[in-house]
Amino acid sequence: MNKKNRTFLSLILVAVIAASIPLTLGILQSGNLDIRISAFESDRPANIIISSQTATSVLVTWTTEKAVTGGIVLDGKPFVEEGPSTSHAVTLPDLNAGTEYAFTITSDGVTYPEDGSTYRAKTATRDITSRDNFLVYGQVFSKDGVTFQQSGIVVIELLNGDSRSQRRAARINESGGYQLNLANLLDDSLDEVFSFRSTADVLITVYTPDSTEPVTKRFTQDLRSFRQLPSVYLGDAGIDIIPGIDGEI
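Below, the structure is given as structure tokens:
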């Protein structure tokens, strides 16, 4: 190999080493080996969940790898989010009871499903208004177990014997927190009231933009006395921060 070629290869090696230093430092500081290049992140909707159905509305939530502005088109009418995010939530209002609706999702200007078909959501057959608020809240930690999970969707269901409630969903905020209103729950058929006294089995499922596999946690809690739910650790979902909670995965 002549001197000119050796010099050229040396310059390439120096450039590669120089470029890798910031990346290495970032990994050492964060402990995160999940390296994604934004240019290759997808704006395709994933983890599409229909929840919080009433006789007149439904909530549609989903995630995208790329932060985009999403929306829903129902009967030609668009419902668009305020700004870009990787966690999306749109409420469809003014619907009819016990009716199935077809809709599409727009993501960064692209309509999904791309094959011309539609997603579907059904409203409840009835509404109940026994109380206005039954707020519960919790927190989600990322896979490293230290930092907050800053995006994603939390879905909660209650179990009472053979009965299962409808789903309620909320977005995770930048501090890893979420809040849900469990008032006026229906069962999963959307036809009957879901009843429980105070203690119930709580099923929490967390969907994140960077994973196709949700994390699910089930535990028993007296919701009348304790509104704060055990934290979910995506790296080890069996860890609770509230002593005395009997949790299992």
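The sequence shown begins at 1 in UniProt numbering and counts up by one.
Using N, Cα and C, we set each Cβ at its ideal position, and we do this for glycine too.
It should be emphasised that the depicted structure is a prediction, and the values quoted were computed from it without experimental measurement.
Do residue i and residue j have their CB atoms nearer than 8 Å?
i, j, result
"Asp43", "Val68", "yes"
"Asp191", "Ser165", "no"
"Arg131", "Ala183", "yes"
"Val136", "Leu234", "no"
"Ser87", "Arg167", "no"
"Tyr112", "Pro214", "no"
"Asn181", "Asn133", "yes"
"Asp162", "Glu65", "no"
"Thr56", "Asp94", "yes"
"Val155", "Ile50", "no"
Decide if residue i is buried, meaning its Cβ has at least 16 other Cβ atoms within 10 Å, or exposed.
i, result
"Phe141", "buried"
"Val110", "exposed"
"Leu229", "buried"
"Gln139", "buried"
"Leu23", "Bear in mind that a pLDDT of 43 at Leu23, under 50, signals an unreliable position, so the number given afterwards is only what the model happens to contain. It counts as exposed."
"Glu82", "exposed"
"Thr54", "buried"
"Gly31", "For Gly31, the predicted structure reports a pLDDT of 47, less than 50, and the residue's modelled location is therefore unreliable. A value from the coordinates is still provided. So Gly31 ends up on the exposed side."
"Ile35", "Because the pLDDT at Ile35 is just 47, under 50, the model does not fix this residue reliably, and the value given afterwards should be weighed accordingly. Exposed."
"Ser189", "exposed"
"Lys77", "exposed"
"Gly26", "A caution first: Gly26 carries a pLDDT of 45, below 50, which makes its placement in the model too unreliable to give a value."
"Gly145", "exposed"
On a CA-only basis, which of the options is nearest residue i? Give me that one, please.
i, options, result
"Arg218", "Val232, Asp210, Thr212 and Val202", "Val202"
"Gln221", "Phe196, Thr91, Gly145 and Asp115", "Phe196"
"Ser225", "Ser198, Thr212 and Gly145", "Ser198"
"Ser175", "Ser231, Ile156, Ser189 and Thr129", "Ser231"
"Asn160", "Gly177, Ala200, Val193 and Asp127", "Ala200"
"Arg227", "Val193, Thr216, Gln179 and Thr212", "Gln179"
"Phe194", "Gly145, Glu157 and Thr61", "Glu157"
"Thr61", "Leu185, Ile153 and Phe40", "Ile153"
"Thr212", "Gly177, Thr63, Pro84 and Lys143", "Thr63"
"Arg126", "Phe40, Asn47, Glu41 and Val58", "Val58"
"Ser85", "Asp144, Glu41 and Leu92", "Glu41"
"Ser52", "Ile128, Ser117 and Thr118", "Ile128"
"residue 281", "Asn47, Lys143 and Gly177", "With the chain covering 1 to 249 only, the question about residue 281 has no answer from this structure."
Is any heavy atom of the ligand MG found at a distance shorter than 7 Å from the C-beta of residue i?
i, result
"Val140", "No copy of the ligand MG occurs in the structure displayed, which carries no ligand at all."
- [ ] Mind the definition here: the region 141-152 touches the region 191-208 only if three or more C-beta pairs lie below 8 Å; say whether that holds.
- [x] Judged by Cβ distances under 8 Å, the region 141-152 makes contact with the region 191-208, as three or more pairs qualify.
Open item on the list: Under 8 Å, with one C-beta from each stretch per pair, do the region 70-79 and the region 100-107 reach the 3-pair mark?
Closed with: Counting Cβ pairs under 8 Å, three or more are found: they touch.
TODO: Decide if the region 117-131 is in contact with the region 88-103; the criterion is three or more beta carbon pairs, one per stretch, under 8 Å apart.
DONE: The region 117-131 vs the region 88-103: in contact.
Open item on the list: For a minimum of 3 consecutive residues, which ranges assigned as the beta strand (DSSP E) are wholly contained in the region 167-207?
Closed with: Restricting attention to beta strand (DSSP E) runs no shorter than 3 residues, the region 167-207 encloses them at 168-171, 177-181 and 199-207, ordered along the chain.
TODO: Would you list, in sequence order, the uninterrupted beta strand (DSSP E) runs of no fewer than 3 residues that lie entirely inside the UniProt domain "Fibronectin type-III" (44-132)?
DONE: When DSSP assignments are scanned along the UniProt domain "Fibronectin type-III" (44-132), the uninterrupted stretches of beta strand (DSSP E) that are 3 or more residues long and fall wholly within it turn out to be 46-51, 58-68, 70-74, 77-80, 85-92, 100-107, 110-112 and 119-122.
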